[in-house]
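Residue numbers for the sequence shown follow the UniProt record's numbering, so the first one is 1 and each next one is one higher.
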Amino acid sequence: MTKQKVWFVTGASRGFGLEIVKEALGSGDKVVATVRTSPELLADKLGNPENLSVVVLDVTNEQQAYEAAELAIKRFGRIDVLVNNAGFGLLSAVEEATSEEVKGNFEVNVFGLLNVTRAVLPYMRKERSGHVINISSVGGLTGIVGWGVYGSTKFAVEGLTEAMAKELAPLGIHATVVEPGFFRTEFLDGTSLTRTSHVIDDYAETVGEMRSFATKVNKKQPGDPVKLAKALILLTNAEKPPVHLPMGKDALTFFKEKRDLFEKEIEAWFDVITGTDHEVVVS
């Protein structure tokens, strides 16, 4: 029999966060769902179930993160699954992005994730159990035109999760980074995606094409967010969950293309790569 879990899900008002909350509740689990404003709206939308607690949390506010985690413990006694889902996209050439836009993206996608993680992990360490799930992106697996800055925030999430998986394993805690491809959420809407106001014409054939593509494909993406949420239920019930979990055939294709190119480059530059050590290596 599967043990009832307590979930802590950030960015739960829409998109992946909302679907994950629905699936967790549907599985009989308890959920603390965080939103930036108007918690009563989400509670009403979900029918105010007894197993749901909606709390206000701006992930960039470290004090709020600690307060939200404490509220979760007071309500349900523990946190078994942390889903760091809150974040937003930035569509821009690397050169086009302003300092403020870059800092804003990192503030939410990286530093916000760290705020919440630091707030929750002490409770997981006390129980010697738990699962941290960080929502990354296919842009965290490989660099994609127009998504360089956003992707760099997700590359950071990838590295953090890989290290956490090793650090937390002896404590009985799992860490997984989930890398969705293009899913049919609100991600490409103005509420979730920032487009830089600084446009450089020289990038018309690359980033310009991506801007047009993002507009055209909005609400037509191949990925189903409901199916992703169901997959996360399976993930949290796995005895040996993976550290990386790409989601969607497109994400897998992007990853394989990068892997193949990396292998070709290593083969072509093998002598240079292996020729940079000292002749005598002290063991």
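Yeah, the Cβ is synthetic: ideal placement off N, Cα and C, and Gly gets one too.
Would you tell me roughly how many angstroms separate the C-alpha atoms of residue i and residue j, rounded to the nearest one?
{"i": "residue 277", "j": "residue 64", "result": "48 Å"}
{"i": "residue 164", "j": "residue 244", "result": "12 Å"}
{"i": "residue 247", "j": "residue 41", "result": "29 Å"}
{"i": "residue 265", "j": "residue 44", "result": "54 Å"}
{"i": "residue 146", "j": "residue 74", "result": "43 Å"}
{"i": "residue 5", "j": "residue 28", "result": "8 Å"}
Counting along the chain, where does the alpha helix (DSSP H) carrying residue i start and finish?
{"i": "residue 121", "result": "113-127"}
{"i": "residue 141", "result": "No alpha helix (DSSP H) holds residue 141; DSSP gives it neither H nor E."}
{"i": "residue 103", "result": "99-106"}
{"i": "residue 21", "result": "15-26"}
{"i": "residue 75", "result": "62-76"}
{"i": "residue 155", "result": "148-168"}
{"i": "residue 226", "result": "225-236"}
With burial defined as no fewer than 16 other Cβ atoms inside 10 Å of the residue's Cβ, what is the status of residue i: buried or exposed?
{"i": "residue 269", "result": "exposed"}
{"i": "residue 131", "result": "buried"}
{"i": "residue 174", "result": "buried"}
{"i": "residue 37", "result": "exposed"}
{"i": "residue 85", "result": "buried"}
{"i": "residue 279", "result": "exposed"}
{"i": "residue 234", "result": "exposed"}
Taking only three categories from DSSP, how would you classify residue i?
{"i": "residue 259", "result": "helix"}
{"i": "residue 173", "result": "strand"}
{"i": "residue 34", "result": "strand"}
{"i": "residue 288", "result": "Because the chain spans 1 through 283 in this model, residue 288 falls outside it and cannot be assessed."}
{"i": "residue 212", "result": "helix"}
{"i": "residue 49", "result": "coil"}
{"i": "residue 200", "result": "coil"}
{"i": "residue 280", "result": "coil"}
{"i": "residue 180", "result": "strand"}
{"i": "residue 11", "result": "coil"}
Residue i lies in the beta strand (DSSP E); which residues open and close that run?
{"i": "residue 246", "result": "244-247"}
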